[in-house]
Each structure stands twice: as C-alpha cells, then as structure tokens.
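Enquirer: The structure's right below; bear with me while I get my questions together.
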Amino acid sequence: MLAVRDNLSLCLGALRAHKLRASLTMLGLTMGVATLITVMTIVQGANVYVEQKIANLGTNVFQIARTPFAVTDFNIIIKALKFKKLEMEDMRAIAEGCSACKEVGATASGSVHARHDNKEISDVNFYGQTPSMADIDTRIVEFGRYFTAAEAEHRADVCLIGDTLVQQLFPAMDPIGKSIRVGNDEFMVIGVMEKIGSVLGQDQDNFITVPLPVFLRIQGARTSLTVNVKTNTGEFEKAQDQADLVLRARRHLSGKMEDDFFIGTKESYMALWRSISSAFFGVFILVSAISVVIGGIVIMNVMLVSVSLRKREIGVRRAIGATKQDILRQFMLESVLQCIAGGIAGISLGFLVALAMRTYTPFPASVQTWVAALGVLLSSIVGLFFGIYPAVRASQLDPVVALRSD
1481 MLAVRDNLSL CLGALRAHKL RASLTMLGLT MGVATLITVM TIVQGANVYV EQKIANLGTN
1541 VFQIARTPFA VTDFNIIIKA LKFKKLEMED MRAIAEGCSA CKEVGATASG SVHARHDNKE
1601 ISDVNFYGQT PSMADIDTRI VEFGRYFTAA EAEHRADVCL IGDTLVQQLF PAMDPIGKSI
1661 RVGNDEFMVI GVMEKIGSVL GQDQDNFITV PLPVFLRIQG ARTSLTVNVK TNTGEFEKAQ
1721 DQADLVLRAR RHLSGKMEDD FFIGTKESYM ALWRSISSAF FGVFILVSAI SVVIGGIVIM
1781 NVMLVSVSLR KREIGVRRAI GATKQDILRQ FMLESVLQCI AGGIAGISLG FLVALAMRTY
1841 TPFPASVQTW VAALGVLLSS IVGLFFGIYP AVRASQLDPV VALRSD
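When we follow the numbering used here, the leftmost residue of the sequence shown carries the number 1481, and every step to the right adds one.
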C-alpha cells in the first residue's frame, strides 16, 4: 500500500502533466459552484436589504389598515375593500384605550404632480401624517423641522419633501422656506427628510408630506387611514391585543366574527418576503445543482478517457507491485483534487461577484463562511461520487493487457 504522501505526489504529477485537460475538467464544476455561491449570497443579501429598506418599521412599531399589508391572494384584497375605513376617531380611540401604546399616529397616501417655478414632477407620492409620526417613523428630518400639532390643527400649508424633489425642483439652492405647488394648493417647505435611495427599483425619496388634515382636505375625507402604533418596551404583543379589542368594540364585532382590519408588523413583511425569496431560491439552487451535476459528469467522462490513455502507466505500476486498491485510490484522489480545486475557484469567483456588488451597488452582498464551506464539501462529494466508476475501471484493468497498450 502506497503512503498517502506518495499517492498525493503521483496524483499531482499526473495533473501537472495534463494541465489543459485538468483545467477543462474543473471548469464545469467551477461554474456550478460559483453559481451556487452567488445565488446564496444574493438571497442572503436580499433578506438583509429588505429588512433594512422595505420593512423599516421599528421592532416596537405595528400598523393597522383596512387592507392587508402583505398578501399573495388577490381575493383577500377584494374582500378587504368592502370593509369599513379607518378614520381619525379610530386613531384617537386606540390612543385612549391602549395603555401599552406609547405613541399613536395616522398616515394616508396618494399621488400628485408637484411644481416649483417652471419645473414639474409627475407621480409624486403624496403623504398625510399626524405630528406624532415624527416619533414613530424611522426616518429622520435631515434639514429643517417637522410640522407641529398646532400647524396640523390649523391646517397650515407646510410640507416636508424627499431628496428627489430637492434635486429636481431646487437644484443648487436651499429648499427650506421655498414654495411648492400641488394642484391648486401651495405649500412652504419646512423640512427635508433623509435620503434613502431606490429600493428594488422604486424611488423612496420622491414624496411630499403634509399634515393629515390638509391631506384629507385635498384628497377627500373618505380616504381610509393607516394607524401607526409605537409600543412601550416589552409590551408589543399586549399593545396589539389592546388595539385589536378597541377596534373590534368600535365595529361591534362579536367573539366569533373575524377582524375587518389588518395588523402589520415588521415580521409580517419579512415573512412574505421569505416566502417569495424561498421559491426563487429553490429554483436557483436547482439550476446550480444541475450545473454541479453536469460538471461531475464531465469529470467522470474525462477521467474515463484518462484511464484509456494511461493503460500502459497502470500496467507498469501493477507490474512493479501496485495493488488494485493503490490504483483505485490514485484515480479517486485525482478526481477529488480536481473537484476541490474547481470548488475553490468557484468560491473565489462567487466572492469576487459579491465584492463587486457590495462595492458598486448599495446591495449588502457578502459570502458567509458556511456557504464557502458548503461549496468545498459539495465539490468533495461530487469528486468522490463521479470518480468512483473511472477509478474502479482503472483498478480492474488486467496488468498484462494494460502493458500491451501503446
């Protein structure tokens, strides 16, 4: 029996002698592992990205609305549109009846055209908010200030805007104190919210925020509101239960009747995203697995060709005392070494893709240690599995027949 060091030396020598063949053998597996690493990196990064950008509610904040926040069944939305709308009285009732609620606010949204001088932007998100949203919303005012309760109560024509409006309507100037026209109404800019950028292709800075009473005056009082609740520390579940009871009592819902409103939390957004991403993840993993299997088949076929071309070498080794197990181990080790080398190359390629995405985009891509270890393990398993048949063929060759080969 050959020592492990000698067997390894023989394998490395055989691979160095046929560099092109070994490189082509590893290429298929390299691409398969690189695809697998890239897909897993993208999915993990997307989960972090969504958690940071889309589900930007605080851990102690939940929302209540007439329609669901996260749903995959359109029929549920059709049913929800028949529910009673949420109004300011509902928000006030929750604020009074929920002892675990620290802050309660309300928001509404629409779409408008915004204009300043001769510049105009279409499809601007138009938000109405109560003053309490300044303490509930995770966004902060970067320049200027938020509107006060007195301004909201007296329906003052003031607004806060996002960075997109600053860049397009007020280039190279301070927007604070300037006027902006929405339809027939003119508002004075008193604040600029922090920049977020685009999330999944949607501009998050293209908006105007005004006091909620002003929004309802412009858009119509029949608009259904979204109630936002910030809870006391450690009372998140209790606050949801209290708010649920308040609304059920106001809507005269008995114990067996379903809620005609929906409560959304950060976790509900993330749960929907995970269900969507897991489906894509499964498809991508299947494609990656097919690539890896094809790479393994290529390795097996190349190893079979290698056995045919190296019959004389095998015959000489058998003639000078090498056993069937020695030949078997040599070819198995060659297969595993090529697969591990291909796997490491694939991991490196996946790491470069992640580095490029993190450097040139806001996407938080990074290769996790366990993903890299999985790539090496997968490569080793593929090498063992697809190297068995060629190795067995080589070990079963008759020494006399092998020595007669050219």
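The beta carbon of each residue, even a glycine, is placed where N, CA and C say it ideally should be.
1) For residue 1562, count the other beta carbons within 10 Å of its own beta carbon; 16 or more makes it buried, fewer makes it exposed. Which is it?
2) Ordered along the chain, which non-local residues of its own chain (more than five positions away) have a Cβ less than 8 Å from that of residue 1463?
3) Start and end of the alpha helix (DSSP H) containing residue 1715?
4) Answer with buried or exposed for residue 1840, where buried requires no fewer than 16 other C-beta atoms within 10 angstroms of its C-beta.
5) So residue 1625 and residue 1671 are supposed to be a Cβ contact under 8 Å. How far apart are they, rounded?
6) Measuring alpha carbon to alpha carbon, tell me which residue in 1558, 1505, 1515 and 1501 is nearest residue 1826.
7) Decide if the stretch 1569-1579 is in contact with the stretch 1634-1645; the criterion is three or more beta carbon pairs, one per stretch, under 8 Å apart.
8) With distances taken from CA atoms, which of 1545, 1540, 1500 and 1519 is nearest residue 1743?
9) Which runs of the beta strand (DSSP E), 3 residues or longer, sit entirely within the stretch 1670-1707?
10) Would you mind working out which of 1836, 1720 and 1785 sits nearest residue 1501, comparing C-alpha positions?
11) Around the C-beta of residue 1751, are 16 or more other C-beta atoms found within 10 angstroms, so that it is buried, or is it exposed?
12) Residue 1629 and residue 1611 look like a contact to me (Cβ under 8 Å); what is the Cβ gap, rounded to whole Å?
13) Please determine if the stretch 1793-1801 and the stretch 1841-1856 are in contact, where contact requires at least 3 C-beta pairs separated by less than 8 Å.
14) Alpha helix (DSSP H) containing residue 1830: first to last residue?
15) The beta strand (DSSP E) spanning residue 1545 covers which residue range?
16) How long is the line joining the alpha carbons of residue 1780 and residue 1806, rounded to whole angstroms?
17) Would you call residue 1727 buried or exposed, if buried means 16 or more other Cβ atoms sit within 10 Å of its Cβ?
18) Since residue 1665 sits in a beta bridge, which residues does DSSP pair it with?
19) I'd like the span of the alpha helix (DSSP H) that includes residue 1859, first residue to last.
20) Specify, as a first and last residue, the run of the alpha helix (DSSP H) that residue 1433 falls within.
21) DSSP three-state call for residue 1878: helix, strand or coil?
22) With three or more beta-carbon pairs closer than 8 Å as the criterion, would you say the stretch 1709-1724 touches the stretch 1645-1665?
23) Return the first residue and the last residue of the alpha helix (DSSP H) that residue 1559 is part of.
24) Do residue 1566 and residue 1705 have their C-beta atoms within less than 7 Å of each other?
25) Under 8 Å, with one C-beta from each stretch per pair, do the stretch 1762-1781 and the stretch 1855-1874 reach the 3-pair mark?
26) Can you tell me where the beta strand (DSSP E) holding residue 1585 begins and where it ends?
27) With a Cβ-Cβ cutoff of 7 Å, do residue 1506 and residue 1822 count as a contact?
28) Take residue 1622 as the anchor and find which of 1584, 1732, 1819 and 1676 has the nearest alpha-carbon.
29) Helix, strand or coil for residue 1615? Go by DSSP, reduced to three states.
30) Run through DSSP, which three-state label would residue 1642 get?
31) For residue 1846, which three-state DSSP category applies?
32) So which of 1608, 1527, 1808 and 1571 has the shortest CA-CA distance to residue 1692?
33) What is the DSSP secondary structure of residue 1607, counted as helix, strand or coil?
34) Just how far apart, CA to CA, sit residue 1599 and residue 1757?
35) Looking at the structure shown, is residue 1711 part of a helix, part of a strand, or coil, going by DSSP?
36) What does a CB cutoff of less than 7 Å around residue 1819 pick up in its chain, not counting 5 residues either side in sequence?
Expert: In this structure, then:
1) The residue labelled residue 1562 in the question sits at position 82 within the sequence shown. With fewer than 16 other Cβ atoms within 10 Å, it is exposed.
2) This structure cannot speak to residue 1463, because the chain is shown only from 1481 to 1886.
3) Mapped onto the sequence shown, residue 1715 falls at position 235. Neither: residue 1715 is in no alpha helix (DSSP H) and is coded neither H nor E.
4) Within the sequence shown, the letter at position 360 stands for residue 1840. Result: exposed.
5) Indexing the sequence shown from 1 puts residue 1625 at position 145. Indexing the sequence shown from 1 puts residue 1671 at position 191. Contact holds; Cβ gap of about 5 Å.
6) Locating residue 1826 in the sequence shown gives position 346, where the first residue counts as 1. Closest option to residue 1826, Cα to Cα, is 1515.
7) no
8) Within the sequence shown, the letter at position 263 stands for residue 1743. Minimum Cα distance to residue 1743 is reached at 1545.
9) 1687-1691
10) For the purposes of this step, residue 1501 is identified with residue 21 of the sequence shown, where counting begins at 1. Answer by Cα proximity: 1785.
11) Position 271 of the sequence shown, counted from the first residue, corresponds to residue 1751. By the 10 Å Cβ count, residue 1751 comes out exposed.
12) Indexing the sequence shown from 1 puts residue 1629 at position 149. Indexing the sequence shown from 1 puts residue 1611 at position 131. Correct: roughly 5 Å between the Cβ atoms.
13) no
14) To locate residue 1830, count along the sequence shown from 1; it is residue 350. Element bounds for residue 1830: 1804-1840.
15) In the sequence shown, residue 1545 corresponds to position 65, counting from 1. Taken as a continuous stretch (DSSP letters only), the beta strand (DSSP E) holding residue 1545 covers 1541-1545.
16) Against the sequence shown, residue 1780 aligns to sequence position 300. Against the sequence shown, residue 1806 aligns to sequence position 326. Between residue 1780 and residue 1806, the C-alpha separation is close to 19 Å.
17) One-based indexing of the sequence shown puts residue 1727 at position 247. Counting Cβ neighbours within 10 Å, residue 1727 comes out buried, since at least 16 surround it.
18) Within the sequence shown, residue 1665 is the residue found at index 185, counting from 1. 1662.
19) Counting from one through the sequence shown, the residue named residue 1859 turns up at place 379. First-last of the alpha helix (DSSP H) with residue 1859: 1849-1875.
20) Here the chain has residues from 1481 to 1886 only, and residue 1433 is not among them.
21) Start at 1 with the first residue of the sequence shown, and residue 1878 comes out as number 398. Coil.
22) no
23) Start at 1 with the first residue of the sequence shown, and residue 1559 comes out as number 79. It spans 1554-1560 - the alpha helix (DSSP H) in which residue 1559 sits, taken as one unbroken run.
24) Within the sequence shown, the letter at position 86 stands for residue 1566. Within the sequence shown, the letter at position 225 stands for residue 1705. Cβ atoms of residue 1566 and residue 1705: closer than 7 Å.
25) yes
26) Position 105 of the sequence shown, counting from 1, holds the residue named residue 1585. 1581-1596 is the extent of the beta strand (DSSP E) around residue 1585.
27) The count along the sequence shown starts at 1 and reaches residue 1506 at position 26. The count along the sequence shown starts at 1 and reaches residue 1822 at position 342. Contact flag set, yes.
28) Reading the sequence shown from its first residue, position 142 is the one you call residue 1622. Nearest of 1584, 1732, 1819 and 1676 to residue 1622, Cα basis: 1676.
29) Walking along the sequence shown from the start, residue 1615 turns up at place 135. Helix, per DSSP.
30) Along the sequence shown, read from residue 1 onward, the residue named residue 1642 stands at position 162. It is coil, neither helix nor strand.
31) If you number the sequence shown from 1, residue 1846 lands on position 366. The answer is coil: DSSP assigns residue 1846 none of H, G, I, E or B.
32) Numbered from its first residue, the sequence shown carries residue 1692 at position 212. Checked all of 1608, 1527, 1808 and 1571; the closest Cα to residue 1692 is 1608.
33) The count along the sequence shown starts at 1 and reaches residue 1607 at position 127. Residue 1607 falls in the strand class under three-state DSSP.
34) On the sequence shown, residue 1599 is found 119 positions in, with the first residue counted as 1. On the sequence shown, residue 1757 is found 277 positions in, with the first residue counted as 1. Going by the C-alpha atoms only, they are around 40 Å apart.
35) Taking the sequence shown and counting its residues from 1, the one referred to as residue 1711 is at position 231. It is a strand residue.
36) Taking the sequence shown and counting its residues from 1, one reaches residue 1819 at position 339. Within the same chain, residue 1819 has close Cβ partners 1509, 1779, 1859, 1860, 1862 and 1863.
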